[in-house]
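Chains as they are written, first to last, in my numbering: chain F, 388 to 720; chain S, 388 to 720; chain R, 388 to 720.
In what follows, a structure is listed as structure tokens, so that the remarks can point back to it.
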Amino acid sequence: MHRFNDLADFSTAEIGSLLELAQRLEQYPEPRALEGKILSLLFLSPSLRTLASFQAGMARLGGGSFVISPDMSIHGIETRPGIVMDGAAAEHIREAVPVIASYGDIMGIRAFAERRNLEREVADQEFEDLAELVDVPLINMESAIQHPCQSLADWKTMDDLGVPKAGGRFVLSWAYHPRALPLAVPSTTVKMAAMRGMDVVVLRPEGFELPEPIMAKARVLADASGGTVTETTERAEALEGAHVVYAKSWTSTRHYGDKVGDQALREELIDWCVDEPWFATAQPDCRFMHCLPVRRGVVVADRILDGPRSVVIAEARNRMYAQMAVLYRMLKG
Amino acid sequence: MHRFNDLADFSTAEIGSLLELAQRLEQYPEPRALEGKILSLLFLSPSLRTLASFQAGMARLGGGSFVISPDMSIHGIETRPGIVMDGAAAEHIREAVPVIASYGDIMGIRAFAERRNLEREVADQEFEDLAELVDVPLINMESAIQHPCQSLADWKTMDDLGVPKAGGRFVLSWAYHPRALPLAVPSTTVKMAAMRGMDVVVLRPEGFELPEPIMAKARVLADASGGTVTETTERAEALEGAHVVYAKSWTSTRHYGDKVGDQALREELIDWCVDEPWFATAQPDCRFMHCLPVRRGVVVADRILDGPRSVVIAEARNRMYAQMAVLYRMLKG
Amino acid sequence: MHRFNDLADFSTAEIGSLLELAQRLEQYPEPRALEGKILSLLFLSPSLRTLASFQAGMARLGGGSFVISPDMSIHGIETRPGIVMDGAAAEHIREAVPVIASYGDIMGIRAFAERRNLEREVADQEFEDLAELVDVPLINMESAIQHPCQSLADWKTMDDLGVPKAGGRFVLSWAYHPRALPLAVPSTTVKMAAMRGMDVVVLRPEGFELPEPIMAKARVLADASGGTVTETTERAEALEGAHVVYAKSWTSTRHYGDKVGDQALREELIDWCVDEPWFATAQPDCRFMHCLPVRRGVVVADRILDGPRSVVIAEARNRMYAQMAVLYRMLKG
């Protein structure tokens with residue numbers, strides 16, 4: 388296992404084996420498993436959970452890690468190829484990435500989308516370009532279109548809670564947020580739930596359709612696992628019988644890279660804030676999931692987040708165990 | 388031991404046992420004692436000694452740690468309860484704290500006072516609210532009114548130097564500083580010296596009285612230990628026979644939260660800078676203590692800080708050993 | 388070995404032994420060698436490679452480390468001696484350094500030159516002043532005039548590649564850069580190559596002569612090792628038969644501390660960008676070296692940096708192994 392980038396690169400048996408390993412490491416600590424091994428962490432975008440959970444997880448296995456972000460280099464890091472560097476930046480990503488990689492046995496990179504060119508970002512071109520500079524095992528810590536660690540943690544969280552696979556209804560719902568957010572989490576989540584064999588419903592307003600290549604991939608995955616993937620704008624229809632409501636805001640794909648157009652569409656949708664009435668026809672124990680950070684009173688009502696439906700802290704905690712399994716598998720096989 | 392928050396929560400026997408453990412870990416390292424254990428460090432206020440000494444101490448015991456501060460989250464962390472988060476902050480402390488806690492076996496939180504409401508801050512309400520979100524052992528790394536790690540280190544420093552308990556005269560002196568500083572260190576210090584059985588004198592100008600609930604608590608502690616607690620504005624009276632001068636600036640309690648009033652009172656007090664003449668009638672080997680950081684030439688003269696009376700570096704170093712004892716006791720019993 | 392500051396403090400036999408140790412630790416990891424030991428890292432100037440490689444190297448040997456920079460203290464750290472601290476800074480370097488040192492078994496300090504007084508900076512007065520405050524083994528992580536870790540790594544890199552010692556021609560070439568950069572790397576490099584017994588040529592425009600005390604020291608070292616040290620402004624003459632071109636920009640010593648004068652001289656020298664024609668009469672396998680960060684298209688052409696001559700990533704990686712040897716030797720003898 389040399390790359391952990393797209394859950395769809397793995398069979399469900401391989402994912403199952405990773406989840407078993409995560410469970411085992413949660414129950415039976417192995418504090419010397421990765422002794423002397425180093426994880427290089429490069430954050431080109433901000434982080435809290437990922438930063439904390441990778442450092443904690445690596446240390447729980449006896450390994451070490453270090454963190455680099457562009458503000459640590461003098462005047463920042465240049466990313467544009469072929470440029471004459473006579474401006475502010477004193478270092479180019481083409482040196483920074485292989486150097487940082489060279490100090491570790493394994494590397495994690497986070498690089499959010501710039502949200503300018505949808506096709507390029509669905510192809511994850513920026514992350515792929517960075518990945519080419521790395522010759523150690525590489526973990527995607529969230530790129531333009533992938534967030535596999537989040538989805539592996541979410542899968543584990545549903546397993547821990549006994550949320551059904553076949554016949555389990557998973558509603559990925561768009562939610563209001565004052566800013567246009569990346570597509571990585573919803574795109575990865577729809578594929579994850581499809582791979583898990585669930586009946587996946589993407590509930591989103593007009594103009595917020597997920598990119599068609601992502602939906603197509605999710606349908607292929609669902610076909611293989613016995614699940615289904617549908618999409619709708621109708622809340623009541625979507626939520627009937629739901630086992631999980633997974634809320635997430637994302638940018639308008641119709642107005643991708645166009646802040647004004649996105650904003651105009653978005654400001655009509657302030658009622659897309661998940662609250663108790665949403666769950667009227669859902670399963671009685673329907674869960675509320677979110678990858679965090681979440682805006683209270685905007686994406687979801689306080690009473691949901693603070694109530695028994697919410698499993699957001701368990702999801703965050705499972706980030707650590709899921710990542711420990713990935714680190715262990717990549718470094719020890 | 389599930390909380391390390393207020394020295395007064397412990398008996399002097401319990402403190403004595405912690406100090407013995409600190410001494411033992413200083414002399415006989417145990418580099419695998421906390422193998423596989425993780426300390427989560429949340430700094431809502433800046434830090435140097437605390438940041439360094441907790442990381443170093445945990446690593447000396449074979450454990451790991453990670454550091455989170457609000458600037459690591461996207462656009463900062465919201466702390467106001469019940470708010471609709473449609474402004475800058477993208478994450479609420481109600482999620483951030485339990486998530487960070489969930490990655491560790493033990494947690495430390497630093498959160499300075501806002502200096503707005505004295506009663507609320509003497510009750511340490513903000514820290515108590517945060518503590519309710521944490522379900523692992525929790526260490527107070529300085530709150531509005533507590534700094535127990537500093538006081539445990541100071542106690543150890545006095546023990547190391549043979550400063551007498553019964554009959555030892557401990558002068559906590561206010562000092563000039565251009566800004567209004569929190570009450571945590573003086574409030575914790577007066578209780579610590581009282582618990583240690585010393586004759587404690589709080590020397591401060593009019594308007595800088597420590598909060599009465601703190602003084603009352605200190606007197607109760609002194610009664611139990613055989614010490615005494617008094618206060619005065621008279622420098623000569625306070626310092627006669629002193630074994631320790633512990634300098635610290637703090638905000639005016641008479642003008643609490645009123646910067647203009649505090650400043651007017653303070654600017655007359657520029658001569659409250661500890662210097663050699665202060666020690667004229669003190670014990671010949673009277674020590675100078677300060678928690679650091681300290682402003683040279685403002686709080687204390689260079690010749691005192693650079694001279695033989697000063698034990699400030701020993702105090703800072705003992706932060707690490709005191710905290711190692713706390714970590715060890717909380718995680719291993 | 389209590390200080391690692393100037394390569395010239397060591398005999399070539401001692402350097403050889405350090406390089407053997409670096410090689411051994413690269414090939415045969417010792418993940419418990421420095422168990423329970425702590426490295427304190429103080430960065431008074433920004434860093435990427437040094438920050439990452441010291442943390443990674445210490446962890447590979449089983450030790451721990453922590454990082455402090457001035458922005459972690461409240462309102463920064465004051466460095467001026469004897470000052471009355473009634474301004475912004477709340478902490479003085481005279482307390483900060485010994486406190487940080489006290490938490491570790493070994494310390495690293497980085498403090499760039501202010502580029503104001505050449506004589507003072509050639510004497511490395513600022514670093515020497517800081518070093519006096521430290522009573523544990525101390526590593527210079529780059530000061531005004533020293534960068535011994537870089538040079539030890541470069542020496543190892545040349546050994547790894549089989550670059551000849553006696554008879555090897557080492558060209559240290561000035562290169563264009565929009566800003567005036569410190570003298571530490573070129574000053575240390577010329578001494579290193581001289582100690583290695585090479586024929587060292589310093590190629591630089593008029594006005595960019597290295598300080599005479601540095602050149603004199605390099606000549607003494609070359610005399611002892613059987614090498615030579617010369618300097619020239621003539622590129623063709625310098626590069627004939629070169630085994631290594633080591634590029635680096637530095638400030639004009641003729642206009643030291645005078646930004647306007649330096650800039651006027653510098654802006655005529657934009658063609659000092661290393662490119663393939665430079666290598667016409669060099670050895671066919673002549674290597675390109677640089678300490679990084681490097682400005683692409685300014686200091687060196689992309690095709691050199693991305694081509695087979697470049698060994699800059701190997702140099703950066705060897706920082707870690709060279710420093711592991713230094714840490715090991717200082718802590719274990």
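Quick reminder that beta carbons are idealized off the backbone N, C-alpha and C, glycines included.
Keep in mind the model is a prediction, meaning the values are calculated, not measured.
Close to phenylalanine 441 of chain F, with beta-carbon spacing below 7 Å, lies no residue of chain R; the smallest spacing is near 14 Å. Counting only runs that start and end inside the region 634-687 of chain F, the beta strand (DSSP E) elements of at least 3 residues fall at 674-676. DSSP, reduced to helix, strand and coil, places arginine 690 of chain S within a helical segment of the structure shown. The C-alpha of proline 485 of chain S lies about 10 Å from the C-alpha of alanine 518 of chain S. Contact of alanine 540 of chain F with chain S is not assigned, every C-beta pair being separated by 8 Å or more. The count of Cβ pairs closer than 8 Å, one atom from the region 643-653 of chain F and one from the region 664-676 of chain F, stays below three, leaving the stretches out of contact.
Between the alpha carbons of isoleucine 493 of chain R and valine 523 of chain R lies a distance of about 5 Å. Beta-bridge partners of serine 452 of chain R (DSSP): R/Leu426.
For asparagine 705 of chain F, the uninterrupted alpha helix (DSSP H) segment begins and ends at 699-719. Valine 486 of chain R belongs to the set of residues whose beta carbon lies under 8 Å from a beta carbon in chain S.
For glycine 403 of chain S, the uninterrupted alpha helix (DSSP H) run begins and ends at 399-414, by DSSP. Counting along the chain, glutamate 417 of chain R sits inside no alpha helix (DSSP H), nor does DSSP assign it H or E at all. Distances from the CA of glutamate 513 of chain S to each of S/Glu663, S/Leu431, S/Arg436 and S/Thr617 were compared; the closest alpha carbon is that of S/Leu431. When only Cα atoms are considered, methionine 582 of chain R and valine 616 of chain R end up about 10 Å apart.
Close to chain R, meaning a Cβ-Cβ distance shorter than 9 Å, are the following residues of the region 409-424 of chain S: Pro416, Glu417, Pro418 and Arg419.
Taking a cut-off of 8 Å for Cβ pairs, the region 469-478 of chain S and the region 445-463 of chain R do not touch, as fewer than three such pairs fall below it. With a threshold of 16 other beta carbon atoms within 10 Å, tyrosine 715 of chain F meets it and is buried. Counting only Cβ-Cβ distances below 8 Å, valine 699 of chain R has contacts in chain F at Glu482, in chain order. When 7 Å is used as the limit between beta carbons, alanine 703 of chain S is near these residues of chain R: Val486 and Ser489, in chain order. When secondary structure is reduced to three states using DSSP, glutamate 465 of chain S falls in the strand class. Residues of the region 676-700 of chain S that bring their beta carbon within less than 7 Å of a beta carbon in chain R comprise Leu679, Pro680, Val681, Arg682, Arg683, Gly684, Val685, Asp689, Val699 and Ile700, in sequence order. When F/Val631, F/Phe441, F/Pro600 and F/Gln410 are compared, the shortest CA-CA separation from isoleucine 425 of chain F is found for F/Phe441.
Annotated as proximal: proline 551 of chain S and histidine 630 of chain S, with beta-carbon spacing under 8 Å.
Judged by pairs of C-beta atoms under 8 Å, the region 525-534 of chain S touches the region 497-506 of chain S, as three or more such pairs exist.
Taking C-beta separations shorter than 8 Å and ignoring five residues to either side along the sequence, the partners of tyrosine 490 of chain S in its chain run Ile425, Ser427 and Phe453, following chain order.
For isoleucine 496 of chain F, the uninterrupted beta strand (DSSP E) segment begins and ends at 493-497. Nearest Cα to glycine 628 of chain R within the set R/Val587, R/Pro598, R/Cys678 and R/Ser636: R/Val587. Less than 8 Å divides the Cβ of tryptophan 659 of chain S from the Cβ of alanine 562 of chain S. Alanine 488 of chain R and threonine 466 of chain R have their C-alpha atoms spaced approximately 17 Å apart.
For the beta strand (DSSP E) assignment, the uninterrupted runs of no fewer than 3 residues enclosed by the region 566-648 of chain R are, from N- to C-terminal side, 586-590, 615-619 and 631-635. Around the beta carbon of aspartate 511 of chain S, 16 or more other beta carbons lie within 10 angstroms, which makes this residue buried. A Cβ-Cβ separation of about 6 Å places proline 592 of chain R in contact with threonine 620 of chain R under the 8 Å criterion. Chain R has no Cβ within less than 8 Å of the Cβ of histidine 642 of chain F.
In this structure, the straight-line span from the alpha carbon of glutamate 515 of chain R to that of proline 569 of chain R is close to 17 Å. Under the three-state reduction of DSSP, leucine 517 of chain F is assigned to helix. The bridge partners DSSP lists for isoleucine 526 of chain F are F/Phe391 and F/Gly495.
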